[in-house]
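Chains as they are written, first to last, in the numbering used here: chain A, 1 to 182; chain B, 1001 to 1182. Glycine residues also receive a C-beta, built at the ideal position from the N, C-alpha and C atoms. Keep in mind the model is a prediction, meaning the values are calculated, not measured. Quick notes on the structure that follows.
Number of protein chains: 2
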Amino acid sequence: MLSVGLETGYAMKKHVEGNLSHFWQESYGQIYPVLRRLEDEGMVRRRKSAATPGPRRNAYLLTARGERELRGWLAEAPELPIPRMELLLKLSFGERADAGVCIEHVREHRTMCERDLELFDEMEPPLEAAALAHRNVAFGLLTLRYGRLLREAELRWCDEAVGRLAALDNEHESARTGEASR
Amino acid sequence: MLSVGLETGYAMKKHVEGNLSHFWQESYGQIYPVLRRLEDEGMVRRRKSAATPGPRRNAYLLTARGERELRGWLAEAPELPIPRMELLLKLSFGERADAGVCIEHVREHRTMCERDLELFDEMEPPLEAAALAHRNVAFGLLTLRYGRLLREAELRWCDEAVGRLAALDNEHESARTGEASR
DNA sequence: CTAGCCATGTAATCCGTTACATGATTGG
DNA sequence: CCAATCATGTAACGGATTACATGGCTAG
């Protein structure tokens, strides 16, 4: 983040919240200590704040060493996340749940997907325009496209899942009432 | 897991690895202590092993209390995972990376998606058949369908992303060589 | 004047993995 | 007989969040 002009821990946190929140998060309890550690390791340097008005701020810069390290890190294969999707875990034990709770969970998830997609609808066009002028925006757009395509797929899955769950409920019901429903 | 007949910590771990691995994981360091804690809380009971041959095993059963707790947990809204997708993080700082590394990362990811999809191709038809006979299998199938739809979407994103990244590389190149490439 | 934001930081805590230790049984 | 698998467990460690503490500045 220092490499793209974010100088303070506070600014970094805001950047993560505002621009990377659909695939990353960081807390102050993480950011500030790491900044210190990086300073000790010679990756970053603290800029002496020349009596700026306003609250005390620690502005950092990337050193040449830090820049090399960054390049190296970017070139390493990214680790893939170990998914921990509680919705799916609950669903896979759905047989033990009371009737309707599975469908309800999936519907809830669907609503969340729709909300995200609306956000993407607002964010994408201006970004697409800005990407033509600023190379770095184009990279951000990539991650937004990822979020959109994934949420769209999840939305389709939700609809399919609700269908399957409803069918299961019906089967169950007709079995319970002794198939009398015909 | 006790509710579906998995009695030992070992069996639970294997079940997670074999059936839930695309959206969950657990380690022994987690499982065994939790089992003890659940026993203290009266959620589970240790079955006395009647001199079974083979290695010592601690088999557990769900108590009525545990079953109530399970039902309650299943009914609670699942937390959504805080995604931490290193690929996207690196991509969003892709401007700072050496040429080609972004495309390479995305290609790698694409390969992984394809591998997963092949696995789904093998697993899905037999499960779909088994789901007609066993209700509980139908719930497992739901999670597998989720995995498939998501990976398919990721695959499409990879292709799009490679296209966009290639275009960015070309722009950059022609800018560097003074637009001489026409 | 006060609520809200800018800004920094630490300590407690939690969740979970990794590494290690142990030992019985079984199939080749 | 030896490797693999069944089976259980603990200690150390690590990464990250949460809660808390502090304080200046600014806009209404």
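Those residues which DSSP pairs with V101/A across a bridge: If you number the first sequence from 1, residue 101/A lands on position 101. Answer is none; V101/A lacks a bridge partner.
Just to make sure I have the definition right: I need the residues of chain B whose C-beta is within less than 8 Å of the C-beta of D98/A. Which are they? As a working note, residue 98/A is residue 98 in the first sequence. Within chain B, the residues near D98/A are R1071, L1074 and A1075.
Span of the alpha helix (DSSP H), counted from its first residue to its last, around L1168/B: One-based indexing of the second sequence puts residue 1168/B at position 168. Note, L1168/B: alpha helix (DSSP H), R1135 to R1176.
Can you check whether the C-beta of A138/A is within less than 8 Å of a C-beta belonging to chain B? Within the first sequence, residue 138/A is the residue found at index 138, counting from 1. Cβ-Cβ to chain B under 8 Å: yes for A138/A.
Is the Cβ of Q1030/B closer than 8 Å to any Cβ of chain A? Numbered from 1 along the second sequence, position 30 holds the residue referred to as residue 1030/B. Taking Cβ atoms only, chain A never reaches closer than 8 Å to Q1030/B, which makes this a no.
Can you give me the C-alpha to C-alpha distance between R56/A and Y28/A, rounded to a whole angstrom? By 1-based counting over the first sequence, the position of residue 56/A is 56. By 1-based counting over the first sequence, the position of residue 28/A is 28. CA-to-CA, the gap between R56/A and Y28/A works out to about 16 Å.
When you compare each of E114/A, E171/A and R65/A to R151/A by their alpha carbons, which one comes out closest? Sequence index remark: in the first sequence, residue 151/A carries index 151 (1-based). Taking only the C-alpha atoms, the option nearest R151/A is E114/A.
In chain order, what residues of the same chain lie with their CB nearer than 7 Å to the CB of K13/A, ignoring the 5 residues before and after it? Indexing the first sequence from 1 puts residue 13/A at position 13. Counting only Cβ-Cβ distances below 7 Å, and skipping sequence neighbours, we find E26, Y28 and I31.
On the CB-based measure, 16 or more other CB atoms within 10 Å of its CB, does G5/A come out buried or exposed? The residue labelled residue 5/A in the question sits at position 5 within the first sequence. Classification of G5/A: exposed, given that the 10 Å Cβ count is below 16.
Which residues DSSP lists as bridging Y1060/B, in chain order: As a working mapping, residue 1060/B is identified with position 60 in the second sequence. Note: Y1060/B sits in a beta bridge opposite R1046/B.
Residue from A1133/B, E1007/B, D1169/B and H1109/B whose Cα sits closest to the Cα of K1048/B: Mapped onto the second sequence, residue 1048/B falls at position 48. Nearest C-alpha to K1048/B: E1007/B.
State the CB to CB distance for the pair G1094/B and F93/A, rounded to an integer number of angstroms; the pair is presumed to be in contact (CB under 8 Å). As a working note, residue 1094/B is residue 94 in the second sequence. As a working note, residue 93/A is residue 93 in the first sequence. The Cβ separation is near 40 Å, so there is no contact.
Distance, Cα to Cα, G1227/B vs W1024/B? With chain B represented from 1001 up to 1182, any question about residue 1227/B goes unanswered, as that position is not in the structure.
Among L38/A, A75/A and R110/A, which residue has its Cα nearest to the Cα of A155/A? Position 155 of the first sequence, counted from the start, is the residue given in the question as residue 155/A. Looking at the sequence shown, residue 155/A is not Ala but Leu. Put simply, of L38/A, A75/A and R110/A the residue whose alpha carbon is nearest the alpha carbon of L155/A is R110/A.
Mapping DSSP to helix, strand and coil, what is R1084/B? Within the second sequence, the letter at position 84 stands for residue 1084/B. R1084/B: coil per DSSP, three-state reduction.
Quick check: what's the CA-CA separation for R1068/B versus C102/A? Taking the first residue of the second sequence as position 1, residue 1068/B is located at position 68. Taking the first residue of the first sequence as position 1, residue 102/A is located at position 102. Roughly 17 Å separates the two Cα atoms.
Report the three-state DSSP secondary structure of A77/A (helix, strand or coil). If you number the first sequence from 1, residue 77/A lands on position 77. Taken through DSSP and simplified to helix, strand or coil, A77/A comes out as coil.
Given this structure, state the Cα-to-Cα distance separating G1147/B from L1002/B, to the nearest angstrom. As a working mapping, residue 1147/B is identified with position 147 in the second sequence. As a working mapping, residue 1002/B is identified with position 2 in the second sequence. Whole-angstrom Cα-Cα distance: 25 Å.
Same chain only: Cβ atoms within 6 Å of G66/A, ignoring 5 sequence neighbours per side: Counting from 1 along the first sequence, the entry for residue 66/A is found at position 66. Excluding sequence neighbours, G66/A sits near M43 and V44.
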